[in-house]
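Right, one structure below, let's go through it.
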Ligand SMILES: *Cc1c(COP(=O)(O)O)cnc(C)c1O
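Residue numbers (the working numbering): 140 to 504.
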């Protein structure tokens with residue numbers, strides 16, 4: 140497929156990569172222990188620290204997609220018998236809950252109806268009844284389009300002496316995320332959403348407190364590959380030791396994508412996502428669509444809209460994909476057939492992408 144035949148990816152990820160990112164990915168390979176590659180890793184680390192707004196030393200990209208970042212955070216912080224409070228307001232909170240149980244930890248759940256944010260009052264009540272080691276929450280729930288306010292839950296977690304784990308897969312580089320200021324102890328993201336790099340890497344960052352917790356473990360992390368005590372020897376320290384063969388080409392692409400973020404500036408990038416969302420919102424409302432999520436809690440980069448009954452979900456989405464070469468996301472779980480998820484992530488948070496979708500929709504519906 141040539142570049143002008145490219146599909147416009149307006150789903151829940153991957154988003155389209157910038158041509159410079161695709162070009163970086165096709166550079167000749169070098170060894171994953173080559174000093175030149177170690178420099179690439181160092182550059183990635185410092186740009187990730189900047190994008191996460193953190194000084195955390197342990198900041199790097201896991202060689203696997205966002206779900207592996209999720210698993211890295213949980214398997215390293217939890218030991219059998221620990222308690223973990225998981226906030227669930229969509230698919231990804233459920234996934235965290237599943238991992239917690241697989242760690243042999245005790246799961247405490249706080250649920251919100253899909254399409255709503257987690258109510259801090261419920262977290263407060265759960266923290267009065269339990270003393271979990273960590274509280275985990277999804278910042279941008281891609282399955283529902285909800286942006287979770289973080290301030291109150293962060294404060295409650297700190298006051299309870301628990302660690303705060305945040306899923307920033309979709310929010311990272313698309314909306315404000317301040318890891319240090321918000322007291323986040325472990326955070327993970329993915330390369331293919333608002334970062335607009337190819338899928339397959341998961342930026343992560345751990346606070347000193349999280350690192351201390353990991354060092355004090357009594358049991359081995361049950362995953363060899365994701366064990367931070369092993370993989371971190373490859374990413375940092377004077378003696379870089381072989382751990383696994385890094386996906387060199389993907390790292391080249393990630394470095395280039397991060398460079399584009401740095402050149403643009405985080406605030407400008409957040410504003411660009413917000414403006415694209417506003418433009419889409421106006422256009423969709425003209426067409427008679429309604430948003431699933433209450434105003435004030437909507438993600439700019441993932442727009443969940445209700446499908447009117449006269450629209451055939453499958454038919455319209457396949458027409459968009461096959462005829463207009465535009466991908467949008469279907470509803471997940473209970474929302475299947477009832478909701479669309481329109482992503483405006485990274486490179487696609489631009490008026491041109493919004494216009495392209497709106498004019499196609501005008502022709503179809
Ligand atoms: C996409 C996503 C994930 C999983 O990332 P993968 O790269 O698909 O493994 C986790 N959490 C959220 C909120 C996501 O949007």
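The C-beta atom is built at its ideal place from N, Cα and C for all residues, glycine as well.
Just so it is clear, the structure is predicted and the values come from calculations on it, not from any experiment.
Close-in-space but distant-in-sequence residues of the same chain around residue i (CB under 6 Å, 5 per side omitted)
i	result
residue 470	477, 478
residue 331	152, 153, 338
residue 350	197
residue 163	391, 392, 395
residue 438	279, 284, 286
residue 238	210, 213
Among the options, nearest to residue i - alpha-carbon criterion
i	options	result
residue 338	344, 329, 345	329
residue 266	341, 190, 225, 279	225
residue 222	274, 419, 257, 472	274
residue 157	468, 461, 428, 399	399
residue 473	402, 450, 348, 229	229
residue 313	423, 465, 397, 367	397
residue 327	307, 318, 340	307
residue 165	424, 454, 450, 387	387
residue 354	363, 367, 460	367
Inter-residue spacing [alpha-carbon to alpha-carbon] between residue i and residue j
i	j	result
residue 484	residue 335	7 Å
residue 434	residue 253	15 Å
residue 193	residue 389	23 Å
residue 168	residue 176	10 Å
residue 408	residue 430	23 Å
residue 256	residue 458	33 Å
residue 246	residue 236	7 Å
residue 373	residue 203	15 Å
residue 488	residue 358	44 Å
residue 412	residue 333	9 Å
residue 467	residue 268	42 Å
residue 421	residue 414	11 Å
residue 343	residue 428	36 Å
residue 348	residue 324	7 Å
Own chain residues within Cβ distance below 8 Å of residue i, not counting five before or after
i	result
residue 426	497, 500, 501, 504
residue 403	411
residue 233	227
Beta-carbon spacing of residue i, residue j below 8 Å
i	j	result
residue 392	residue 201	no
residue 311	residue 280	no
residue 216	residue 316	no
residue 277	residue 248	no
residue 385	residue 171	yes
Close-in-space but distant-in-sequence residues of the same chain around residue i (CB under 7 Å, 5 per side omitted)
i	result
residue 418	490, 493
residue 405	190
Contact with chain B by residue i, beta-carbon distance below 8 Å
i	result
residue 198	You won't find chain B in this structure, because it holds only one protein chain.
Q.
For the pair the segment 184-193 and the segment 203-221, tell me if three or more CB-CB distances fall below 8 Å.
A. no
Q | Three CB pairs or more closer than 8 Å across the segment 286-306 and the segment 443-461 | A | no
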